[in-house]
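There are 2 protein chains.
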Amino acid sequence: MDQIVACCNSGTTAIERRAKLFRGFADPSRLAILDALCDAPLAVHEIVTCTKLSQPNVSNHLRCLLDCGLVASDRDGRFIRYRISSPRIKALLNDVDTLLDAVAEGIEACDNYRGT
Amino acid sequence: MDQIVACCNSGTTAIERRAKLFRGFADPSRLAILDALCDAPLAVHEIVTCTKLSQPNVSNHLRCLLDCGLVASDRDGRFIRYRISSPRIKALLNDVDTLLDAVAEGIEACDNYRGT
DNA sequence: ATAATATATCAGTGAGTAATGATATGGATC
DNA sequence: GATCCATATCATTACTCACTGATATATTAT
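Chains as they are written, first to last, in the UniProt record's numbering: chain C, 1 to 116; chain R, 1 to 116.
In structure tokens form, the structure reads like this:
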């Protein structure tokens with residue numbers, strides 16, 4: 001069975017699509033990857049280096065992000081260079097940080113459960 | 001052990017905080033609730049009616065959203081009225097819809113796995 | 001061709017999480 | 001104070017997901 005699955009199925013309603021998109025962002029590994037790609041396009045091994053994630057792990061997350069259209073890829077010699085597919089992604093991440101400024105205490109403070 | 005847990009623990013880095021916030025949004029039930037509250041404050045039983053979710057389910061999600069500071073509540077007689085805590089939440093949801101316009105095909109199309 | 005590097009895929013595992021049904025609490029009215 | 005309605009909590013169950021380690025594919029260079 002497949003692995004990294006935080007995007008993608010055939011949910012139809014607008015709300016389900018939104019939930020799927022949010023889930024694409026709702027993982028520290030994927031956020032780290034997107035963060036890195038917001039600065040500049042990178043090849044997989046470069047992402048591995050700067051995120052300190054394992055190579056298969058990065059590859060799996062990239063596949064998910066690629067399928068969902070959040071990143072795009074171009075072959076460059078024997079490298080494959082990934083980049084964010086739209087500047088709106090960077091904008092969205094900024095908006096989230098703005099919202100975080102407003103609710104950060106709550107997010108930080110509450111511990112309904114033990115964590116990620 | 002606690003139940004609805006998509007927010008909240010003591011992750012410290014900026015990325016972990018962002019992931020937590022995104023996870024708060026990454027669920028169709030919570031999105032439906034937030035969507036309803038974007039229009040007007042509502043009591044729990046009203047949310048139950050318009051989202052068609054079960055009452056305990058709504059209550060659990062509201063607790064999570066409340067702890068994370070995404071919604072706020074006011075007692076009103078024997079009702080408890082919930083509202084979104086910041087207009088930025090509505091703005092964020094709009095931004096996501098804009099991004100969805102750009103990547104919707106990808107989100108819809110790919111089916112790495114089954115179900116929501 | 002062979003070796004070396006870059007990337008992708010596979011199988012298995014363990015943990016986290018959402019939903020349900022039953023039950024408890026708390027405020028208001030009679 | 002007993003009853004009714006609104007809301008919250010509990011325990012259980014089933015499902016989804018992320019990570020690891022091993023392996024496969026692809027491209028370049030020798």
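The beta-carbon is built from N, C-alpha and C at its ideal position, and this holds for glycine as well.
Note that the structure is a prediction, hence the values are computed from the model and not measured.
Residue range of the alpha helix (DSSP H) that includes residue i
| i | result |
| --- | --- |
| R:A14 | 14 to 25 |
Buried versus exposed call for residue i [16 or more other C-beta atoms within 10 Å across all chains shown]
| i | result |
| --- | --- |
| C:Y79 | What sits at residue 79 of chain C in the sequence shown is Phe, not Tyr. When all chains shown are included, C:F79 counts as exposed. |
| C:G69 | buried |
| R:T98 | exposed |
| C:N61 | Rather than Asn, the amino acid found at residue 61 of chain C in this sequence is His. Result: buried. |
| C:T51 | buried |
| R:D67 | buried |
| R:R30 | buried |
| C:S85 | buried |
| R:A26 | buried |
| C:D101 | exposed |
| C:A32 | buried |
| C:R75 | exposed |
| R:A40 | exposed |
| R:A19 | buried |
| C:P56 | exposed |
| R:A36 | buried |
| R:G24 | buried |
| C:P87 | exposed |
Worksheet item: What residues in the region 32 to 59 of chain C have a beta carbon less than 8 Å from any beta carbon of chain R?
Response: A32, D35
Fill in: Inside the region 29 to 104 of chain R only - beta strand (DSSP E) runs reaching at least 3 residues
71 to 76, 79 to 84
Worksheet item: Taking a cut of 8 Å between CB atoms, which residues from the region 83 to 107 of chain C lie near chain R?
Response: Along the region 83 to 107 of chain C, the positions whose C-beta sits under 8 Å from a C-beta of chain R are S85, S86, R88, I89, A91, L92, L93, D95, V96, D97, T98, L99, L100, A102, V103, A104, E105, G106, I107, read in chain order.
Discussion item. Closer than 9 Å between beta carbons: that is the criterion. Which residues of the region 62 to 83 of chain C meet it against chain R?
Written reply: Residues R63, C64, L66, D67, C68, G69, L70.
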